[in-house]
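These notes concern the structure reproduced below.
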Amino acid sequence: MFVDKVKIKIRSGDGGNGCVSFHREKFVQAGGPDGGDGGRGGNVTFIASERMHTLMDFRYKRLFEAQNGADGNNGRRSGINGKDAVIIVPKGTIIRDASSDRIIADMFTPDTRLTVLKGGNGGFGNSHFATPTRQAPAFAKPGEKGFEMEVWLELKSIADLGLVGFPNVGKSTLLSVITSAKPKIANYHFTTLSPNRGIATYGGYSFTVADIPGLVEGASEGVGLGIDFLKHIERTRALLHVIDVSGSEGRDPLEDYDAIMKELEAYGKLKDKPMLVAANKTDICANGENLNRLREKLSAFGIKVFPISAATGQGIEELLKELVNLISALPPIEPFEVEEAYEPVLGENEFTVEKTKRGYEVSGSLIEKLIRSVNFGDNESLNYFHRCLRKYGIVDVLRAKGAKDGDTVILDDMEFDFTE
Ligand SMILES: Nc1nc2c(ncn2[C@@H]2O[C@H](COP(=O)(O)OP(=O)(O)OP(=O)(O)O)[C@@H](O)[C@H]2O)c(=O)[nH]1
Ligand SMILES: [Mg+2]
22 MFVDKVKIKI
32 RSGDGGNGCV
42 SFHREKFVQA
52 GGPDGGDGGR
62 GGNVTFIASE
72 RMHTLMDFRY
82 KRLFEAQNGA
92 DGNNGRRSGI
102 NGKDAVIIVP
112 KGTIIRDASS
122 DRIIADMFTP
132 DTRLTVLKGG
142 NGGFGNSHFA
152 TPTRQAPAFA
162 KPGEKGFEME
172 VWLELKSIAD
182 LGLVGFPNVG
192 KSTLLSVITS
202 AKPKIANYHF
212 TTLSPNRGIA
222 TYGGYSFTVA
232 DIPGLVEGAS
242 EGVGLGIDFL
252 KHIERTRALL
262 HVIDVSGSEG
272 RDPLEDYDAI
282 MKELEAYGKL
292 KDKPMLVAAN
302 KTDICANGEN
312 LNRLREKLSA
322 FGIKVFPISA
332 ATGQGIEELL
342 KELVNLISAL
352 PPIEPFEVEE
362 AYEPVLGENE
372 FTVEKTKRGY
382 EVSGSLIEKL
392 IRSVNFGDNE
402 SLNYFHRCLR
412 KYGIVDVLRA
422 KGAKDGDTVI
432 LDDMEFDFTE
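If you want the working numbering, it's the 1-based position in the sequence shown plus 21.
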């Protein structure tokens, strides 16, 4: 079955820990600190590919993890950076944050690269913490943790022209005639089960064509997987409605036209697209009656009907010419708007202080960052933490909000006594 929506889990790498080490050499006493930094954790990066057309591969692989950075080493040697997780998706894939359903990115342009999760930074080794008064720092920083999230990948193919119509009217045959695509063609309904694509060229102008499975009444409500199919022509610039005017299936072409238009209208997003009508299978029409009735009816709406035979090639050139005229005058398809620029790095030094029943709760990206980078089991690291609380103004704000010695201060899930 065609796969156009999957949920995957992505995880960027943790940063490696900084190293605590002191230089040792024969005949040299008490060498200085020489612990290297941890390596950076790998990122999770998406690439849009023009050659991939479904999300099939993601059915079997659902977890994508970047590598962790390696710990720092002695001799000021940094740990190796973790390898990125690179995820290749078909162009037109939309990435949504599964927890909020917001669009993070539209992988619209082929070969775009987008980093969705950054790896954690490596922790500094102890050689970073040497100062004139602290020549032998016995601590280093742990690496920052990576990030994890679930995302929906949703493929919304992009094509200049979408082919619509009842099953078996000859959509795939037409695609095979105007492009080099080789879709399955057969004399039964629902031969096409997933969208086919091709590139048509006429008079030096090229446009992409998407052929979808046949629509039936109720498609816009999901009958015959209709919604899944219609979704695939949302991102087209124009539609070509293919109608069988031979009456070979005992249906009336005028009723077919109305039925399909009703579905497009009910689905909503497609009803305002420019559309041409191709009256197919003219080679086996008993007479021109159906064609004339269709023409008459549609001319009242200002819609031109192109009689063709996908089987013999008759009328195809005129149709192509008109399609080029139509499409080349239309504006390009726009990518989906990103609803929230996803910012995986804790970039800003932000915090808020709120007085609650429990005490003074301090939160924000700065706090998360601090807590990630401090080793609470180590006195020197703890001192560093206290200095940071002062340096970033957290102590000032606490005081301004009325905190006094002995009051409880809550950072993340840790409680402290406030001391000046
Ligand atoms: N005589 C004649 N037969 C045609 C013509 N176009 C298509 N056919 C035949 O009609 C049948 C259906 O063609 P397809 O191209 O598979 O139709 P489709 O609209 O893609 O059908 P679904 O994928 O099932 O929706 C096949 O047997 C084709 O050979 C035509 O112009 N004339
Ligand atoms: Mg088909």
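Quick reminder that beta carbons are idealized off the backbone N, C-alpha and C, glycines included.
Distance from the C-beta of Ser193 to the nearest heavy atom of ligand 2 is below 6 angstroms.
CA-CA distance, Ile101 to Gly59, rounds to 7 angstroms.
The C-alpha of Tyr278 lies about 7 angstroms from the C-alpha of Ile264. For Arg117, the uninterrupted beta strand (DSSP E) run begins and ends at Thr114 to Asp118, by DSSP. Thr373 has its Cβ no nearer than 6 angstroms to any heavy atom of ligand 2. By DSSP's assignment, His262 forms a beta bridge with Val185 and Val298. Put simply, the backbone Cα of Asn38 is about 15 angstroms away from that of Leu391. Within the same chain, Glu371, Phe372 and Thr373 come within 6 angstroms of Gly385 by CB-CB distance, once the 5 residues on both sides are set aside.
Taking C-beta atoms as the reference points, Ala87 and Gly103 count as a pair closer than 7 angstroms. Within the chosen limit of 6 angstroms, ligand 2 does not reach the beta carbon of Thr200 with any heavy atom. In its chain, beyond the 5 residues on either side, Pro54, Asp55, Gly56 and Arg97 have a beta carbon closer than 6 angstroms to the beta carbon of Ser148. In the structure shown, Lys47 falls within a coil segment according to DSSP collapsed to helix, strand and coil.
A distance criterion of 6 angstroms places the beta-carbon of Asp249 beyond contact range of ligand 1, judged by its closest non-hydrogen atom. Listed in chain order, the non-local C-beta contacts of Arg83 below 8 angstroms within the same chain comprise Val27, Lys28, Ile29 and Lys30, local neighbours out to five positions each way being set aside. As the crow flies, the alpha-carbon of Ile348 is around 28 angstroms from that of Phe211. Exclusion of Val298 from the 6 angstroms shell around ligand 1 follows from its C-beta lying no nearer than that to any non-hydrogen atom of the ligand. Contact between Phe439 and Leu410 does not hold, since their C-beta atoms are separated by about 10 angstroms, which reaches or exceeds 8 angstroms.
Per DSSP, Ile29 is one residue of the beta strand (DSSP E) stretching across Lys26 to Arg32.
With contact defined as three or more Cβ pairs closer than 8 angstroms, the region 39 to 46 and the region 139 to 153 are in contact.
Of Glu375, Tyr413, Phe397 and Gly398, the smallest CA-CA separation from Leu387 is found for Tyr413. For the pair His253 and Glu165, the Cα-to-Cα distance works out to about 41 angstroms.
The beta carbon of Ile206 is closer than 7 angstroms to those of Ser193, Thr194, Ser197 and Thr212 in its chain, skipping five residues each way along the sequence. Where Asp434 is concerned, there is no enclosing beta strand (DSSP E), because DSSP gives it neither an H nor an E.
Cβ atoms of Phe67 and Ala119 stay farther apart than 8 angstroms, at about 15 angstroms.
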